[in-house]
Structures are given as C-alpha cells and as structure tokens.
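So the protein lines, in turn, are chains A and B.
Just so we're on the same page, this note's numbering is the position in the first sequence counted from 1, plus 53.
Just so we're on the same page, this note's numbering is the position in the second sequence counted from 1, plus 53.
Protein chains: 2
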Amino acid sequence: MPTSTFHNLDESKRKQIFDACVDEFASHTFSEASINQIIKAANISRGSFYQYFADKEDCYMYLLTEMVKEKMVMFKDVVATNDNDTVFDEYEAMFDKAILWIEKKPQYYQIGVKMDMDNSEFIRKLLKGNLASLDYFATLIRRDQQRGIIRMDIVPEILTEMLFSINQKALMNFFYNRDFEGMKKHLRHILEIIRKGSTTEENHV
Amino acid sequence: MPTSTFHNLDESKRKQIFDACVDEFASHTFSEASINQIIKAANISRGSFYQYFADKEDCYMYLLTEMVKEKMVMFKDVVATNDNDTVFDEYEAMFDKAILWIEKKPQYYQIGVKMDMDNSEFIRKLLKGNLASLDYFATLIRRDQQRGIIRMDIVPEILTEMLFSINQKALMNFFYNRDFEGMKKHLRHILEIIRKGSTTEENHV
DNA sequence: CCTCGATATGACAACCCTGTCACATTTAGT
DNA sequence: ACTAAATGTGACAGGGTTGTCATATCGAGG
Numbered sequence: 054m055p056t057s058t059f060h061n062l063d064e065s066k067r068k069q070i071f072d073a074c075v076d077e078f079a080s081h082t083f084s085e086a087s088i089n090q091i092i093k094a095a096n097i098s099r100g101s102f103y104q105y106f107a108d109k110e111d112c113y114m115y116l117l118t119e120m121v122k123e124k125m126v127m128f129k130d131v132v133a134t135n136d137n138d139t140v141f142d143e144y145e146a147m148f149d150k151a152i153l154w155i156e157k158k159p160q161y162y163q164i165g166v167k168m169d170m171d172n173s174e175f176i177r178k179l180l181k182g183n184l185a186s187l188d189y190f191a192t193l194i195r196r197d198q199q200r201g202i203i204r205m206d207i208v209p210e211i212l213t214e215m216l217f218s219i220n221q222k223a224l225m226n227f228f229y230n231r232d233f234e235g236m237k238k239h240l241r242h243i244l245e246i247i248r249k250g251s252t253t254e255e256n257h258v
Numbered sequence: 054m055p056t057s058t059f060h061n062l063d064e065s066k067r068k069q070i071f072d073a074c075v076d077e078f079a080s081h082t083f084s085e086a087s088i089n090q091i092i093k094a095a096n097i098s099r100g101s102f103y104q105y106f107a108d109k110e111d112c113y114m115y116l117l118t119e120m121v122k123e124k125m126v127m128f129k130d131v132v133a134t135n136d137n138d139t140v141f142d143e144y145e146a147m148f149d150k151a152i153l154w155i156e157k158k159p160q161y162y163q164i165g166v167k168m169d170m171d172n173s174e175f176i177r178k179l180l181k182g183n184l185a186s187l188d189y190f191a192t193l194i195r196r197d198q199q200r201g202i203i204r205m206d207i208v209p210e211i212l213t214e215m216l217f218s219i220n221q222k223a224l225m226n227f228f229y230n231r232d233f234e235g236m237k238k239h240l241r242h243i244l245e246i247i248r249k250g251s252t253t254e255e256n257h258v
C-alpha cells in the first residue's frame, strides 16, 4: 500500500521507480534486495522512498500487485478450453501461456524464481497462498478419471505434483536456453511418459 | 584447506568449531551465513577463526569435505546390487540410502538444501561438478533399453531428469514430515506412473 | 628460569544496510 | 506576491558484516 504521495506522482516517475524495483528484485531475493540500490537506480532520495513506501515489504507488495495486474490484462482473453481436452491438453496450454509470459516479461519470471529462493518469514507467508492452482489440476484429473481417460487407481494429488515439479524445471530450462521448440519437444516426451509409461508392454504386469 | 594451526587443535575443539559451522550453514545460505555467529557458537575469537581459515569459503570447503568423508564411511558397505535389478530398483535403493542419510544427519541435508538456494559465484561453481550421478542413471536406462525393459523411444536423459526432480521433491517432503512409510508409498506410486503410465489402456494409442 | 616461536585475542577500519528527521524546495490557492 | 501545505533531501544513528593487526598469553626446549 504505497502512500497517496506516491499515487500522485507523474506516470513517468512512478514507472522509473517501478522499473528500479523490478531490476532489483529480479536480481536479488527479497532479503538481499537493497533499498539503496533501488533509490540509486530510480534517481530518488532515500527520504522520498520512505515517503512513498512504508518499508521494503510495502514496496515489494506494490511490485507484486502491479505484476498481477499486468498479467491479468495480458491473459484476459486466453482462457477458452475445448470440452474434449484432457488434463494433459490443459496442462500444455498452461505451459504455453507461461512460456509466452516469460518471453514477454522475463524479469517477472526471475522475480518469481528469487521469491522461491527466499525463506524469510514475510516471503514464506506470501507463498502459502499460492497453492490454489494445484487444486484445480487435481479436479481436472478426477474429471478425466470419471471419463475413463485416466486410471482410477491414480492419486490425483500425486499426479498433480508430478506435473508441477516438471513444469517448474521445464520453465527454468526455457528461461536459460530460450529454445522454445526444443523445450516443447522435451515436455511432450515427458508427458508421453506420464501418459503411457516408460517400460515396454510386456513389463506392464 | 584450513591451516596447520587448525589441524593441530584438540579433537574436541575442532569438533566444537565443526559443529558451529554445521549449525550456521544448515540454517543459512552460504551468503547469509555469518562468521560472527560461528565464532560465537564455537566460543573462539575472531582472530582465531582467521588463524584457522583463510575466509568463509575456506571454512565452507572444510565443512563439505568433512561431510563427504563421513558419507563415504557410512555407505562404504552399502553398494551391492542384484544383476536382475532394473534402473527403477536401483533408483529405489538410492532413495532409501538418501533417506537413511537424512535420518542420521538431517543438518547435512539442510546444508545441501541451503546450498541449492544460494547463487553466489562460489556456490554455483561448486554445484557444477555435481552432475556425475545423472550420467550414471542414464547409462542404467540405456542398459535396460537393450534388455528390452524400457521402450527404445525413451530418451535416457529426460527420464533421468524426471527421476531426479521427483527425488528432490520427495526428499524435501520426507525431511519436513519424517513419514518414511508414507513417503515410500508416495514414491512407489510415482514410479508406477513412470513405468506404466497414468492413462487407461484404451488411451495408449 | 628464561626465551622464543606458536597461538589467542578483541579493538579497529572500512564497508554494507535501514529508518528517521530537521530542513529545503516546490506547488497550489488566495 | 504571499502563505501554507505537500513534497524532496541527505546527514545521521544504530545496527550489521568482514578481515587485519598489535598485543597478550601459552608452552616447550635450553
């Protein structure tokens, strides 16, 4: 919750400050990030910073809400899913969206990575609220079990966990290599294994 | 490479210092770890610390080599594998060893976790050399492909990557919950999916 | 008992960081 | 043009960190 003073600022100055925050929090964890660096990059005085934000946490929350806003604007029309889609199709669609996002705003992705790396009280609390999409996928898996697509003996939460940990690794990979086609092939191979297994038919006993 | 002065110390004093290092590096990343905390816990003076170690890096390297020594002693006899074992059997065996290790030395595991969280130049270099066991598993997978156990169209490196990212998550989980039986069941379910897939037979087209 | 090399010590310099506050400057309204 | 409120500023206090170094203490051999 930045102060009213901050909201009254020129669009351009606000952007200056926002960009400085992005730079700092993309290259350092929350704990490591330095207000000194932010004010230097944003070309404002120490006093001003504290006139805009209560403290570093306040500043970080501002950054996150701005990012969420931008993300919502960007993806507001990318939602349509086909009724015949399986959970795997939706998973791939989600992955594509994430890739698009990383390409557009690599720094935002980095901020997320740094966030996972921090384990201050403050950041741990923030991350707690982040588990909703796991439930969503578990629901999709249950749906596909009812449809006869996924084996009934599969535990939805465990399959979800697999999909997500793979997703995380794949995105990290993409971020460092920027090889979209390679990454997609890689991911499809993984999904193929998760769908049909890695052993030969004779060994499916 | 601690100094000769350090090596000449009483066993007990050396252990005192070692333990203080373990405590500090298990609860902080390398970058966050504070020499001040270590000397306080070890009950030595600032000057002594620098008489024993060149700097924090030196101290950390000492810690790691001691840990590796202990690990080698502990696992020197746990190697025997059966000729009929598949890569999955060896994977489970490796997992069990890791669990044993965590139970014996939880702090060492924490040091590893903190290590992954740090991305200082120094730590990144250290982690680079850590990828040998990935090759080993890829080799096992190739062997099992020749034996007709694993499908020939599987890319060994990708399957390896899946096994390792799952391993990492599972160990983390065990560390926090200490539910060995639950964790084993969980892991077997995941391996079942990787072996035979998650979809019903009709969908294996 | 004395001396000399090995070892222990903590004060110190130099560099980070945050949050505050008295003061300077700008802006808006009369 | 003048005043009052809003905004900008950087010095400062108080806290952290690391690595050094002059000095003190210890211990073994002469």
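Even glycine gets a Cβ: it sits at the ideal position worked out from N, Cα and C.
For a contact defined as C-beta to C-beta under 7 angstroms, what are the partners of residue i on chain B?
| i | result |
| --- | --- |
| residue 291(A) | Summary: the structure shown does not reach residue 291(A), with chain A confined to residues 54 through 258, and so no result is reported for it. |
| residue 231(A) | In chain order: nothing, as chain B lies at least about 19 angstroms away. |
Should residue i be counted as a contact of the ligand NAD given a C-beta to heavy atom distance under 7 angstroms?
| i | result |
| --- | --- |
| residue 198(A) | This structure simply doesn't include the ligand NAD, nor any ligand for that matter. |
Please list, in chain order, all residues of the same chain as residue i whose beta carbon is under 7 angstroms from its beta carbon, the five residues on each side excluded.
| i | result |
| --- | --- |
| residue 74(B) | 91, 112, 116 |
| residue 55(A) | 105, 106, 111, 115 |
| residue 97(B) | 70 |
| residue 142(B) | none |
| residue 58(A) | 104, 105 |
| residue 190(B) | 140, 213, 216 |
| residue 76(A) | 94 |
Tell me which residue opens and which closes the alpha helix (DSSP H) that residue i is part of.
| i | result |
| --- | --- |
| residue 123(A) | 109-128 |
| residue 72(A) | 64-80 |
| residue 102(B) | 99-105 |
| residue 59(A) | 57-60 |
| residue 278(A) | Any answer about residue 278(A) is impossible in this case: the structure gives chain A only from 54 up to 258. |
Going along the chain, which residues of its own chain have a beta-carbon closer than 8 angstroms to the beta-carbon of residue i, five neighbours each way excluded?
| i | result |
| --- | --- |
| residue 88(A) | 99, 102, 109, 112 |
| residue 215(A) | 247 |
| residue 227(A) | 152, 155, 233, 236 |
| residue 243(B) | 219, 223 |
| residue 257(A) | 250 |
| residue 194(A) | 140, 203, 207, 209, 212, 213 |
| residue 78(B) | 86, 113, 116, 164, 167 |
Run through chain B and tell me which residues come within less than 8 angstroms of residue i, C-beta to C-beta.
| i | result |
| --- | --- |
| residue 222(A) | 214, 218 |
| residue 208(A) | 242 |
What in chain A is Cβ-close to residue i, meaning under 7 angstroms?
| i | result |
| --- | --- |
| residue 257(B) | 249 |
| residue 196(B) | None at all; the shortest Cβ gap to chain A is about 14 angstroms. |
Going along chain B, which residues have a C-beta under 9 angstroms from residue i?
| i | result |
| --- | --- |
| residue 201(A) | 253, 255, 256 |
| residue 177(A) | Within chain B, no residue comes near residue 177(A); the closest Cβ sits about 13 angstroms away, beyond 9 angstroms. |
| residue 99(A) | Going along chain B, no residue has its Cβ under 9 angstroms from residue 99(A), so there is no contact; the nearest lies around 24 angstroms. |
Applying a beta-carbon distance threshold of less than 9 angstroms, which residues of chain A neighbour residue i?
| i | result |
| --- | --- |
| residue 211(B) | 239, 242, 243, 246 |
Here's a check: name, in chain order, each residue in its chain whose Cβ is nearer than 6 angstroms to the Cβ of residue i, leaving out the five neighbours to either side.
| i | result |
| --- | --- |
| residue 84(A) | 171, 173 |
| residue 129(A) | none |
| residue 120(B) | 161 |
| residue 82(A) | 167, 170, 171 |
| residue 197(B) | 139, 140, 203 |
Closer than 8 angstroms by beta-carbon distance: list the chain A residues that pair up with residue i, in chain order.
| i | result |
| --- | --- |
| residue 67(B) | Going along chain A, no residue has its Cβ under 8 angstroms from residue 67(B), so there is no contact; the nearest lies around 30 angstroms. |
Return the chain-ordered ranges of every beta strand (DSSP E) run that is complete within the segment 200-256 of chain B and spans a minimum of 3 residues. Fully enclosed beta strand (DSSP E) runs of 3 or longer: not present.
Considering only residues of the segment 146-191 of chain B, which uninterrupted alpha helix (DSSP H) runs meet the minimum length of 4 residues and lie entirely inside it, listed in chain order? Correct list: 159-170, 174-181.
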